[in-house]
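Visitor:
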Amino acid sequence: MAHDGTGRSEQLERSFQTEILDDPAVSDDVRERSRADMIWIHRRLGNLAAVLRLLRADPNPVRSLLDIGCGSGDVLRELGRELGVSVLGVDLTLPANPPAPMLELDAVRDPLPEADVAISLLLAHHLSDEDLAALIRNVGRSCRRFILLDLVRRRLPLLLFRIFVAPFLDPVSVTDGYLSIRRAYSPRELCRLVAGAVAGTGASFRHSVTRFSTRQIVDISYNSSGSQEHT
71 MAHDGTGRSE
81 QLERSFQTEI
91 LDDPAVSDDV
101 RERSRADMIW
111 IHRRLGNLAA
121 VLRLLRADPN
131 PVRSLLDIGC
141 GSGDVLRELG
151 RELGVSVLGV
161 DLTLPANPPA
171 PMLELDAVRD
181 PLPEADVAIS
191 LLLAHHLSDE
201 DLAALIRNVG
211 RSCRRFILLD
221 LVRRRLPLLL
231 FRIFVAPFLD
241 PVSVTDGYLS
251 IRRAYSPREL
261 CRLVAGAVAG
271 TGASFRHSVT
281 RFSTRQIVDI
291 SYNSSGSQEH
301 T
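Quick note: the sequence shown, position 131, residue 201 per this note's numbering, numbers continuous.
1. When you compare only the Cα positions, how much space is there between TRP110 and TYR292?
2. Can you tell me the Cβ-Cβ gap for ASN208 and ALA166, rounded? I've got them flagged as a contact below 8 Å.
3. Going by DSSP, what residues sit across from VAL222 in a beta bridge?
4. Report the residue from LEU135, ALA273, GLY247, VAL279 whose alpha carbon sits nearest the alpha carbon of HIS196.
5. Nearest by alpha-carbon distance to ILE287: which of GLY266, PRO241, LEU193, ASP199 is it?
6. Is it right to say ASN117 is buried, meaning 16 or more other beta carbons lie within 10 angstroms of its own, or is it exposed?
7. Tell me which same chain residues have a C-beta within less than 8 Å of the C-beta of LEU226, skipping the five on either side of it?
8. With DSSP as the reference, label ARG214 as helix, strand or coil.
9. Can you list, in chain order, the residues of its chain with a C-beta nearer than 8 Å to that of LEU115? Leave out the 5 residues immediately preceding and following it.
10. With a threshold of 8 Å, are at least 3 pairs of Cβ atoms found where one atom belongs to the region 251-258 and the other to the region 217-233?
11. PHE86 by DSSP, collapsed to three states: which one?
12. DSSP three-state label for ASP180, please.
13. With C-beta atoms as the reference, is LEU122 less than 8 Å away from VAL132?
14. On the three-state DSSP scale, how would you describe LEU162?
15. At the level of alpha carbons, what is the spacing between ARG224 and THR245?
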């Protein structure tokens with residue numbers, strides 16, 4: 071049985087099934103409902119607050135913020151308002167009426183705009199291992215720091231989602247939510263991937279998992295000592 075590096079059994083095989091919203095044929099109405107659910111989730115689970123804490127604790131001034139896989143742009147708008155910084159989002163497809171400045175780009179392969187810090191919320195589990203590693207390296211070409219937040223593939227967050235989150239969501243968001251947790255990396259897998267992606271670049275990273283495994287965060291600093299820390 072595999073372990074995640076914390077001594078706890080993973081107990082969940084990773085799924086590679088495609089999520090409903092990854093289908094280009096999904097209607098705009100369904101996407102809008104899911105986008106509303108997503109910002110609710112980020113607030114309810116404390117994802118926005120966690121990213122804000124990290125950004126405010128940056129020892130260097132944060133004047134510009136790049137959101138990778140910005141989706142609806144609601145997170146980007148809220149962070150910009152809270153921090154009073156210049157914001158820009160990038161995604162493969164953009165909403166009809168974006169609430170913040172956005173560019174239609176492939177963040178894995180296209181050159182990215184320069185920014186002090188890049189963030190990515192709940193994108194990692196949508197990417198292949200190769201694409202996630204390429205994304206991490208690509209961000210390092212234009213940003214000094216990358217905060218990557220994603221789910222944790224364990225039974226506990228699956229149970230918590232079912233009890234405390236799913237009853238408030240659209241059925242499509244519920245289905246994709248279960249699948250997202252099953253698609254996510256274990257902490258050990260994510261640390262190993264990030265370490266390989268930044269090897270030889272001089273970058274360092276910190277990795278943390280919340281007490282109930284509701285999220286994990288990788289905080290990458292480019293052009294630093296090349297060390298890593300797990301909490």
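Ideal placement from N, C-alpha and C gives every residue a C-beta, glycine not left out.
Guide: Per the coordinate set shown:
1. Whole-angstrom Cα-Cα distance: 31 Å.
2. With a Cβ gap of about 27 Å, ASN208 and ALA166 do not count as contacting.
3. Bridge partners of VAL222 according to DSSP: none are assigned.
4. Residue nearest to HIS196 within the set LEU135, ALA273, GLY247, VAL279 is GLY247 (criterion: CA-CA distance).
5. Among GLY266, PRO241, LEU193, ASP199, the Cα nearest to that of ILE287 belongs to LEU193.
6. Counting Cβ neighbours within 10 Å, ASN117 comes out buried, since at least 16 surround it.
7. If we look at LEU226 and ignore the five residues flanking it on each side, its Cβ neighbours are PHE282, SER283.
8. In this structure, DSSP gives ARG214 an extended state, which the three-state scheme calls strand.
9. If we look at LEU115 and ignore the five residues flanking it on each side, its Cβ neighbours are VAL235, THR284, ARG285.
10. Between the region 251-258 and the region 217-233 there are three or more inter-stretch CB-CB distances shorter than 8 Å, so the stretches are counted as touching.
11. PHE86: coil per DSSP, three-state reduction.
12. Here DSSP, grouped into helix, strand and coil, assigns ASP180 to coil.
13. For LEU122 and VAL132, no; Cβs fall outside 8 Å.
14. Residue state for LEU162 is assigned as coil, using DSSP reduced to three classes.
15. Their backbone Cα atoms lie some 17 Å apart in a straight line.
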